[in-house]
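Asks: Pasting a structure here, questions to come.
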Amino acid sequence: MKKRLAIAIVLLVLIVGGIVGFNQFRDQMIAQYFAGRKAPPVAVSVVKIEPISWRSGIDTFGTALSAQGVDLAVEAAGLVREVKFNANDKVNAGQKLVQIDERIERADLGAAQAALDLAVTQLERNKTLQERGISASNTVDTAEVQEKNARAQVAKLTAILDQKEMRAPFGGIIGIAKVEQGQYVTPGTIYATLQNLDKMQVDFTVPEQEINKIKIGNTVTAMTEVGDLKFEGRIIAIEPRVDPVSRLISARALINNTNGTLFPGQFLRVRIDLPVEDGVLALPQTAVSSSLYGDSVFVVRKDEDEDALTVAQVFVDVGRRFGGMVEISKGLTAGDEIVNAGQNRLSGGAAVVIDNSVSPDAALE
Numbered sequence: 001m002k003k004r005l006a007i008a009i010v011l012l013v014l015i016v017g018g019i020v021g022f023n024q025f026r027d028q029m030i031a032q033y034f035a036g037r038k039a040p041p042v043a044v045s046v047v048k049i050e051p052i053s054w055r056s057g058i059d060t061f062g063t064a065l066s067a068q069g070v071d072l073a074v075e076a077a078g079l080v081r082e083v084k085f086n087a088n089d090k091v092n093a094g095q096k097l098v099q100i101d102e103r104i105e106r107a108d109l110g111a112a113q114a115a116l117d118l119a120v121t122q123l124e125r126n127k128t129l130q131e132r133g134i135s136a137s138n139t140v141d142t143a144e145v146q147e148k149n150a151r152a153q154v155a156k157l158t159a160i161l162d163q164k165e166m167r168a169p170f171g172g173i174i175g176i177a178k179v180e181q182g183q184y185v186t187p188g189t190i191y192a193t194l195q196n197l198d199k200m201q202v203d204f205t206v207p208e209q210e211i212n213k214i215k216i217g218n219t220v221t222a223m224t225e226v227g228d229l230k231f232e233g234r235i236i237a238i239e240p241r242v243d244p245v246s247r248l249i250s251a252r253a254l255i256n257n258t259n260g261t262l263f264p265g266q267f268l269r270v271r272i273d274l275p276v277e278d279g280v281l282a283l284p285q286t287a288v289s290s291s292l293y294g295d296s297v298f299v300v301r302k303d304e305d306e307d308a309l310t311v312a313q314v315f316v317d318v319g320r321r322f323g324g325m326v327e328i329s330k331g332l333t334a335g336d337e338i339v340n341a342g343q344n345r346l347s348g349g350a351a352v353v354i355d356n357s358v359s360p361d362a363a364l365e
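Throughout the sequence shown, residue numbering follows the working numbering, covering 1 to 365 in sequence.
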């Protein structure tokens, strides 16, 4: 009985040992197979980093406003007798827009004009009599004072009549009427807005760190969010103080040739053009990968031993960005070939084959 048990134990040990040994042998052979097998090279697109002429600029946001734009207000109280415009009419400078009832003032003006005519006649008569030695000098003086008072009264009533006749201060597009015929209005009542859309301006701000970079006359490009419209202009004014709360400085640019396609109050993306810099190393933004460890690129290297191409992950310092390009301030030298498509399949030391049809090179716009 004991002999049979011993034989069974030995057989069991041999079977288990054989299975374990076979599995170890199999795993070893599989590991040797894959260790000797190289992954196929990854097709990537590359771009060579070279010094370029960098068109530097400052990107910010702004608001459009007309070079001439006002809210038109009533100057004198009274009933609105006429509204002589429709919304969005193009009006000329001096064109009558609103007439306030002026019948009483016009009647008063007639009486004042008659009094002026009488005062002038009386003054001329007294001067004639004085020349003949009939009238005293004080009579002429009194007549002169009366003539001046009458003339002043006519001027006053004429000014009041002018205040009741609302005219356009300049040419432009008038907005929606805010008063109606028969409505009683008081001084200061807004009756419409008038905007000259032929010349537009844009107000924007820049950080205080950029104060020394912007100057009167700098060219700017303004782009709308709607319709993808782009306009050119130049800076005409810079506020001579920094806002102590926001630490921003305000500036204004004049934009020409908007052709009525830009409206006051619109949001604009503004770029202030700065002098062109030569010799700046730059790459397409697609070539730079960002992570928690920093910005990096894959640089193509030639393996001298195997005459093959591999990549090395290199961390770089990036600077300004513009037009799909990013400035490289540290980490690369001119002439390095950088992968700009296919990085997601790469790791340091991976074999690659260059195929620039994978992705075309980005270009500075």
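We put the CB at the ideal spot given by N, CA and C, even for glycine.
1) Looking at E337: is its Cβ nearer than 7 Å to the Cβ of V280?
2) Look at A351 and A308 and say whether their C-beta atoms are less than 7 Å apart.
3) Could you pull the start and end residues of the beta strand (DSSP E) that K330 belongs to?
4) Alpha carbon to alpha carbon, how far is G324 from V297?
5) Please determine if the stretch 233-242 and the stretch 163-181 are in contact, where contact requires at least 3 C-beta pairs separated by less than 8 Å.
6) Taking T63 as the reference, give the member of W54, R269 and L274 with the closest Cα.
7) Taking the alpha carbon of I216 as the reference point, which residue from L229, S250 and Q209 has its own alpha carbon closest?
8) Look at the alpha carbon of L283 and the alpha carbon of Q95, and state the distance between them as a whole number of angstroms.
9) Work out the CA separation of I49 and P275 for me, nearest whole Å.
10) Would you list the one or two residues that DSSP bridges to G78?
11) Taking DSSP as the reference, what is the three-state secondary structure of R4?
12) Run through DSSP, which three-state label would D27 get?
13) Just reading off the beta strand (DSSP E) that T221 is part of, what are its end residues?
14) Under three-state DSSP, which class holds I19?
15) Just to confirm before moving on: does the CB-CB distance between I328 and V311 stay below 7 Å?
16) Report yes if the CB atom of M166 is closer than 7 Å to the CB atom of V98, and no otherwise.
17) Taking just the CA atoms, how far does R234 sit from D373?
18) Identify, in the order they occur along the chain, each residue of the same chain with its Cβ nearer than 7 Å to the Cβ of A168, setting aside the five sequence neighbours on each side.
19) Whose C-beta lies closer than 8 Å to the C-beta of T186 among residues of the same chain, with five residues either side of it excluded?
20) Pair every Cβ in the stretch 79-86 with every Cβ in the stretch 139-150, then say whether three or more of these pairs are closer than 8 Å.
21) So what does R125 bridge to, in DSSP terms?
22) Name, in chain order, the residues that DSSP records as bridge partners for T142.
23) Rank I15, V70, T258 and V314 by C-alpha distance to the C-alpha of A199 and give the top, closest one.
24) Inspect the beta-carbon positions of I272 and G69 and report whether they are closer than 7 Å.
25) Excluding five sequence neighbours on each side, which residues of the same chain lie with their C-beta closer than 7 Å to the C-beta of P264?
Replies: On the basis of the data shown:
1) Along the sequence shown, read from residue 1 onward, the residue named residue 337 stands at position 337. Along the sequence shown, read from residue 1 onward, the residue named residue 280 stands at position 280. At a Cβ-Cβ threshold of 7 Å, E337 and V280 do not count as neighbours.
2) Locating residue 351 in the sequence shown gives position 351, where the first residue counts as 1. Locating residue 308 in the sequence shown gives position 308, where the first residue counts as 1. Going by C-beta atoms, A351 is nearer than 7 Å to A308.
3) Residue mapping note: residue 330 aligns to position 330 of the sequence shown, counting from 1. Looking at the DSSP string, the run of the beta strand (DSSP E) that includes K330 is M325 to K330.
4) Within the sequence shown, numbered from 1, the residue matching residue 324 stands at position 324. Within the sequence shown, numbered from 1, the residue matching residue 297 stands at position 297. Distance between the alpha carbons of G324 and V297 is about 16 Å.
5) Cβ pair count under 8 Å is below three, so no.
6) To locate residue 63, count along the sequence shown from 1; it is residue 63. Residue nearest to T63 within the set W54, R269 and L274 is R269 (criterion: CA-CA distance).
7) Residue mapping note: residue 216 aligns to position 216 of the sequence shown, counting from 1. Comparing Cα-Cα distances from I216 to each of L229, S250 and Q209, the minimum goes to S250.
8) Translated into positions along the sequence shown, residue 283 becomes position 283. Translated into positions along the sequence shown, residue 95 becomes position 95. A direct Cα-Cα distance of roughly 58 Å separates L283 from Q95.
9) As a position in the sequence shown, residue 275 is number 275, starting the count at 1. As a position in the sequence shown, residue 49 is number 49, starting the count at 1. Going by C-alpha positions, P275 is about 22 Å away from I49.
10) As a first step, residue 78 must be located in the sequence shown, where it is residue number 78. According to DSSP, G78 bridges with V185.
11) Walking along the sequence shown from the start, residue 4 turns up at place 4. Of the three classes helix, strand and coil, the one that applies to R4 here is helix, per DSSP.
12) Counting from one through the sequence shown, the residue named residue 27 turns up at place 27. Reduced to three states, the DSSP call for D27 is helix.
13) Taking the sequence shown and counting its residues from 1, the one referred to as residue 221 is at position 221. The continuous beta strand (DSSP E) containing T221 extends over residues T219 to T224.
14) Indexing the sequence shown from 1 puts residue 19 at position 19. The answer is helix: DSSP assigns I19 an H, G or I state.
15) Residue 328 sits at position 328 when you count from the first residue of the sequence shown. Residue 311 sits at position 311 when you count from the first residue of the sequence shown. Cβ atoms of I328 and V311: not closer than 7 Å.
16) Along the sequence shown, one-based indexing puts residue 166 at 166. Along the sequence shown, one-based indexing puts residue 98 at 98. Taking 7 Å as the cut-off, the beta carbon of M166 is found closer than this to the beta carbon of V98.
17) Examination of residue 373 is not possible in this model, given that the chain is present from 1 through 365 alone.
18) Counted from its first residue, the sequence shown places residue 168 at position 168. Correct list, in chain order: V91, N92, A93, G94, Q95, L97 and L194.
19) As a first step, residue 186 is located in the sequence shown; it is residue number 186 there, counting from the start. Correct list, in chain order: V74 and A77.
20) In this structure the stretch 79-86 does not lie against the stretch 139-150, because fewer than three pairs of beta carbons, one per stretch, are closer than 8 Å.
21) Translated into the one-based positions of the sequence shown, residue 125 becomes position 125. Looking at the DSSP assignment, R125 forms no beta bridge with any residue, so it has no partner.
22) By one-based count along the sequence shown, residue 142 stands at place 142. Its beta-bridge partners do not exist; DSSP assigns none.
23) In the sequence shown, the residue the question calls residue 199 occupies position 199. Note on identity: in this sequence residue 199 is Lys, with Ala being the wrong assignment. Nearest to K199 by C-alpha distance, out of I15, V70, T258 and V314, is T258.
24) The residue labelled residue 272 in the question sits at position 272 within the sequence shown. The residue labelled residue 69 in the question sits at position 69 within the sequence shown. Against a cut-off of 7 Å, the Cβ pair of G69 and I272 comes out as no contact.
25) Your numbering for residue 264 matches position 264 in the sequence shown. A64, L65, S66, G69 and Q195.
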